[in-house]
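Quick notes on the structure that follows.
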């Protein structure tokens, strides 16, 4: 297995994933990650020559005709946590 | 051979001996009496259910055509969208989220006159194997309260067992008689594990058989919605309703709906080869292994099948391959939860990035966050080859061996779980230990194979599940074998 | 430092909306610009409600993408296309990942610019940074992304490339709102030997030119002063025509691409390619070559005529009724001038093809002069001609040219009589004096006399 995962690694990953663990949690997460990945490095035994399999089903083109079907937007808009004149409101970035 | 419980109920309703309303009231009475102990339901829909049952009765009285599930009471795992009802996924993030649409499977239930009684608890976002990771409460395995006859009697016991997970409450609801059927989901064993622990029957279809439109994602290339029932017949009936192509889930593009179970469903038609993989027994608790081996022996003794010893060494790569890919897919699936479009509200809305981080951190549970972190880590550029891509190779490797094994036999049979149900709180802290409980169930998800669990024995009061895995697309045949085993074992 | 040492290297990533009725992965309508209001053309799928999945992919969208790839000359078509998830947190993205495909095709070229690849992806919604408002009407509309090699050498070069791209898209009808310039682009620009800068949020053809001009200037200035441009992503501000640095947190380093498990790969067969290839129309460059051969049009005229299919087709119809060279000259000159002045595409005057034909007929018969013809054309474009034919209008506005040579001779006599000194000067050898008299003739005829005829007749008359 590659180098041990540090608190800094976890911090960086958390930032990418938009999570903010506390300092204690960071320790715990690093420990978990190391233990888990240590065990999972078992897969290194599998030869690299094996082709990765991404899809479970064999190749198929799932295509549909180009038709418009109207949906009721009101319940979706009601779900917005903040809204203004039917726009959803997010924090500003400027 | 005892007639299937589901079949007797459905016959009684169709023939008019039992009204849909009476059937429902009986279930409601049990929920009101025992759910405070079992804690299966997140939300009950008694008013809607009563209205639906009345409609079914009216149709029957008027001699109008009725659906395949007419009057059967169905409870659904709360990761399945039911229009205008809360879709919580057992998470604070969606605690008050109301679904604006019906899942494809719910549409199908309604079309066949099922009576939907309510939504069931589970592990948060289906991340767990014992239903203790719901953000709301833990469901209790009803067998904890059973007497020797399998009736709920001792609800004040302190020996509370887990119902399994992540669809623990779905199995519990069936075991406790809260419903005739339950609809649940299985990503790495989430139907089969609780079926085994609660002593009921559950089935995970071949990948792509049932539309996942309306199912809250855990890991998209692994999971299927599937039936839980007192018996395989009930599972088969429910599967015949929910399976089939849906243009809203492109993984169902080449699927044909599974046929309804016929009169000869539980009878064997030809000699079958049953593969007994040694890794499945070596990996299990000796008492469990013995119980399942004995059950297989008793079944085989009745004739009609040939037992074949097989070996699938790749089983040991199952857990790493499964979890690494599940982490990756789950982290991706969870990106959508940002506190803006729906779900838990942010506390403040000043700057974009901290607003999103805070609401995610506060409302997503520990195990889910752990999986998001790991999934994010292993899909970053620096680590992708070593972990994510390697896991894809491991998946291919496991699949190749299982496909080979299924050349030597028609079905693979073994224990569903390596252990019996543990007590609530017993396996709390070490995530890896929890993961390893899935070793016998994850291969079917890695390979997209149909697999189910039937009760085959009891050790003390705890049920033991026997797992049947079939070839891709052999859903009907697999459930048929399950029915045969059920009837021969009389469990 | 010598300015000419600063070689500019530009690459473009152009996002073209495909002309479909519904979105790529759901059945919502795509007319987001004319929707009743914000968040109207939305459904559970394109707003990423929990549990939703992408529908089967829009077949027509994929077909149009292939069509464009073939029209751009992409010779390497991949036989399988996979959708990927490109992860980044941003309010315009409902799932906080964008579905974007692996390359559909590679290796094309247009206007001398080689194309790296084309692929298909979902448009995000719209998020206004300043107000925080978000509208998902556009989320999920199918986009084709065209990535050029970094071989564009100047803003002008980019403009020419885009002009030709626009023509190709116009011919195919595969893209939406090509005239309104509703395509978006990201640009990569560097001065050779220095850091590369990405510029995002360019929302029109014109914007590309402005953004590149500003950015070229900005980077050149830095380099000339010994400063190294920062390797960063900048935001194009359309209102001020400048680029601005984004805050670091908004830039994403790593999108953690994974194949989307919910979308089955798409296989492209040779048969399908042949069908699409056979259905391609004659493309702009080919049409230009043909116009030069078939109609004797000049390079310049062919280019102008062929940049818009409606105009090219109209020209060919008109050229069956009037002299092709006359038509080509008029359409490339007078007509194009008036269209450009109003920022119109030819499509705006398509309905008036009959009128234009008549006008050309009148010109060829010398019933009107060039100047008068332009005048009539202007009036037509300004809506003053109503339902009249060109001839009727010219008649009613008193613009018909001096027809009979008798009439013309009379006017010339008049002019000669009125300008005895000029006549004397001409006869004395002053050639310019003829023009003076000719000018008088034009005034007397109120511009309606044919200048060439005037010259000829006047010369004859004065040599008597």
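Protein chains in written order, with the numbering used here: chain P, 1 to 94; chain R, 95 to 585; chain X, 586 to 1049. Glycine included, each C-beta is placed from N, C-alpha and C at the ideal position. Quantities reported herein were computed from a predicted structural model and do not represent experimental measurements.
Pick out the complete beta strand (DSSP E) segments inside the stretch 798 to 847 of chain X, 3 residues or longer, and give them in chain order. Runs found: 818 to 822, 827 to 830.
Here's a check: name, in chain order, each residue in its chain whose Cβ is nearer than 7 Å to the Cβ of residue 1029(X), leaving out the five neighbours to either side. One-based indexing of the third chain puts residue 1029(X) at position 444. Closer than 7 Å at Cβ, skipping near neighbours: 996, 999, 1000.
Give a yes or no on whether the minimum CB-CB distance between residue 686(X) and chain R is below 9 Å. One-based indexing of the third chain puts residue 686(X) at position 101. Chain R contact via Cβ: absent.
For residue 420(R), count neighbouring Cβ atoms within 10 angstroms of its own Cβ and tell me buried if that reaches 16, exposed if not. The residue you call residue 420(R) lines up with position 326 of the second chain. Flag for residue 420(R) reads buried.
Kindly say whether residue 10(P), judged by its beta-carbon, lies nearer than 9 Å to any beta-carbon of chain X. As a first step, residue 10(P) is located in the first chain; it is residue number 10 there, counting from the start. With 9 Å as the cut-off, residue 10(P) does not count as an interface residue toward chain X.
For the candidate residues 946(X), 949(X), 950(X), 978(X), whose alpha-carbon lies nearest to that of residue 960(X)? Along the third chain, one-based indexing puts residue 960(X) at 375. Taking the Cα of residue 960(X) as reference, the smallest distance to any Cα among 946(X), 949(X), 950(X), 978(X) is reached at 978(X).
With DSSP collapsed to three states, give me the class of residue 342(R). The sequence position of residue 342(R) within the second chain is 248, counting from 1. In the structure shown, the three-state DSSP call for residue 342(R) is coil.
By Cβ distance below 8 Å, which residues in the same chain neighbour residue 95(R) in space, the five residues on each side in sequence not counted? Mapped onto the second chain, residue 95(R) falls at position 1. With a pLDDT of 43 at residue 95(R), under the threshold of 50, the modelled position of this residue cannot be trusted, and the question is left open.
Where residue 451(R) meets chain P, residues with beta-carbon distance less than 7 Å: Here residue 451(R) refers to the residue found at position 357 of the second chain. Simply 18, 19, 20.
Based on Cα-Cα distance, which residue from 234(R), 408(R), 142(R), 248(R) lies nearest to residue 254(R)? Stepping through the second chain from its first residue, residue 254(R) is reached at position 160. Per the Cα distances, 234(R).
Rounding to the nearest angstrom, what Cα-Cα distance links residue 602(X) and residue 689(X) in this structure? In the third chain, residue 602(X) corresponds to position 17, counting from 1. In the third chain, residue 689(X) corresponds to position 104, counting from 1. Answer to the nearest angstrom: the Cα atoms are 16 Å apart.
Sort out for me which residues DSSP pairs residue 704(X) with in a bridge. As a first step, residue 704(X) is located in the third chain; it is residue number 119 there, counting from the start. Residue 704(X) is bridged to 730(X).
For residue 406(R), the nearest candidate out of 388(R), 325(R), 375(R), 465(R) (CA to CA): Locating residue 406(R) in the second chain gives position 312, where the first residue counts as 1. Per the Cα distances, 375(R).
I need the DSSP call for residue 375(R), collapsed to helix, strand or coil. Residue 375(R) sits at position 281 when you count from the first residue of the second chain. Residue 375(R): helix per DSSP, three-state reduction.
Would you grab the beta carbon distance between residue 931(X) and residue 895(X) for me? Rounded to a whole angstrom, and I think it's under 8 Å. Position 346 of the third chain, counted from the start, is the residue given in the question as residue 931(X). Position 310 of the third chain, counted from the start, is the residue given in the question as residue 895(X). A Cβ-Cβ distance of about 5 Å is found for the pair residue 931(X) and residue 895(X), placing them in contact under the 8 Å criterion.
So does the stretch 640 to 653 of chain X actually touch the stretch 853 to 869 of chain X, counting three or more Cβ pairs closer than 8 Å? With a cut-off of 8 Å, the stretch 853 to 869 of chain X and the stretch 640 to 653 of chain X count as touching, because enough Cβ pairs lie within range.
Classify residue 350(R): buried if its beta carbon has 16 or more other beta carbons within 10 angstroms, exposed otherwise. The sequence position of residue 350(R) within the second chain is 256, counting from 1. Under this definition residue 350(R) is an exposed residue.
For residue 681(X), verify whether its CB is less than 8 Å away from any heavy atom of the ligand GTP. The ligand GTP is not among the ligands present in this structure, which contains no ligands whatsoever.
Would residue 508(R) pass as a contact of residue 486(R) if the rule is Cβ separation under 9 Å? As a first step, residue 508(R) must be located in the second chain, where it is residue number 414. As a first step, residue 486(R) must be located in the second chain, where it is residue number 392. Residue 486(R) sits away from residue 508(R), with the two beta carbons spaced by 9 Å or more.
For chain X, check one thing: does any of its Cβ atoms lie closer than 9 Å to the Cβ of residue 423(R)? Along the second chain, one-based indexing puts residue 423(R) at 329. At a cut-off of 9 Å, the C-beta of residue 423(R) has a neighbouring C-beta in chain X.
Going by beta-carbon coordinates alone, are residue 674(X) and residue 639(X) separated by less than 9 Å? Locating residue 674(X) in the third chain gives position 89, where the first residue counts as 1. Locating residue 639(X) in the third chain gives position 54, where the first residue counts as 1. Not in contact: residue 674(X) and residue 639(X) (Cβ atoms no closer than 9 Å).
Identify every run of the beta strand (DSSP E) within the stretch 108 to 175 of chain R, keeping only runs that are complete inside it and at least 3 residues long; order them along the chain. Those beta strand (DSSP E) runs which fall completely within the stretch 108 to 175 of chain R and span 3+ residues are 135 to 138, 167 to 171.
At a Cβ cut of 7 Å, what residues of the stretch 480 to 512 of chain R count as close to chain P, listed as they run along the chain? Legend: CB atoms of the stretch 480 to 512 of chain R lying less than 7 Å from CB atoms of chain P belong to residues 480, 483, 484, 485, 486, 487, 488, 489, 490, 491, 493.
Per DSSP, which residues does residue 661(X) bridge with? Please list them. Counted from its first residue, the third chain places residue 661(X) at position 76. Answer by DSSP bridge pairing, in chain order: 691(X).
In the DSSP assignment, find the beta strand (DSSP E) that holds residue 550(R) and state where it starts and stops. Looking up residue 550(R) in the second chain gives position 456. Element bounds for residue 550(R): 545 to 553.
Pull the bridge partners of residue 51(P) from the DSSP assignment, please. If you number the first chain from 1, residue 51(P) lands on position 51. Bridge partners of residue 51(P): none, in fact.
Using a C-beta to C-beta distance shorter than 9 Å, which residues of chain X count as neighbours of residue 306(R)? Indexing the second chain from 1 puts residue 306(R) at position 212. Ordered by position in chain X, the residues that pass the 9 Å Cβ test against residue 306(R) are 636, 638, 847.
Counting only beta-carbon separations shorter than 9 Å, does residue 537(R) have a partner in chain P? What you label residue 537(R) is simply residue 443 of the second chain in a count that begins at 1. So, not an interface residue.
Cα separation between residue 66(P) and residue 494(R)? Along the first chain, one-based indexing puts residue 66(P) at 66. Along the second chain, one-based indexing puts residue 494(R) at 400. If I take the Cα positions, the gap works out to 38 Å.
Buried/exposed call for residue 26(P), threshold 16 Cβ in 10 Å: Within the first chain, numbered from 1, the residue matching residue 26(P) stands at position 26. Classification for residue 26(P): buried.
With burial defined as no fewer than 16 other Cβ atoms inside 10 Å of the residue's Cβ, what is the status of residue 1015(X): buried or exposed? In the third chain, the residue the question calls residue 1015(X) occupies position 430. Taking all protein chains in view, the Cβ of residue 1015(X) is surrounded by fewer than 16 other Cβ atoms within 10 Å, so the residue is classified as exposed.
For a contact meaning CB atoms closer than 8 Å, what does residue 33(P) contact in chain R? Taking the first residue of the first chain as 1, we reach residue 33(P) at position 33. Residues of chain R passing the Cβ test: 467, 468, 471.
In this structure, does DSSP put residue 683(X) in helix, strand or coil? Locating residue 683(X) in the third chain gives position 98, counting from the first residue. Correct three-state label for residue 683(X): strand.
For residue 63(P), would you say it is in contact with chain X, using Cβ-to-Cβ distances shorter than 9 Å as the test? The residue given as residue 63(P) occupies position 63 in the first chain. It does: the Cβ of residue 63(P) has a partner Cβ on chain X nearer than 9 Å.
Quick one: Cα of residue 621(X) to Cα of residue 627(X), how far? Taking the third chain and counting its residues from 1, one reaches residue 621(X) at position 36. Taking the third chain and counting its residues from 1, one reaches residue 627(X) at position 42. Whole-angstrom Cα-Cα distance: 12 Å.
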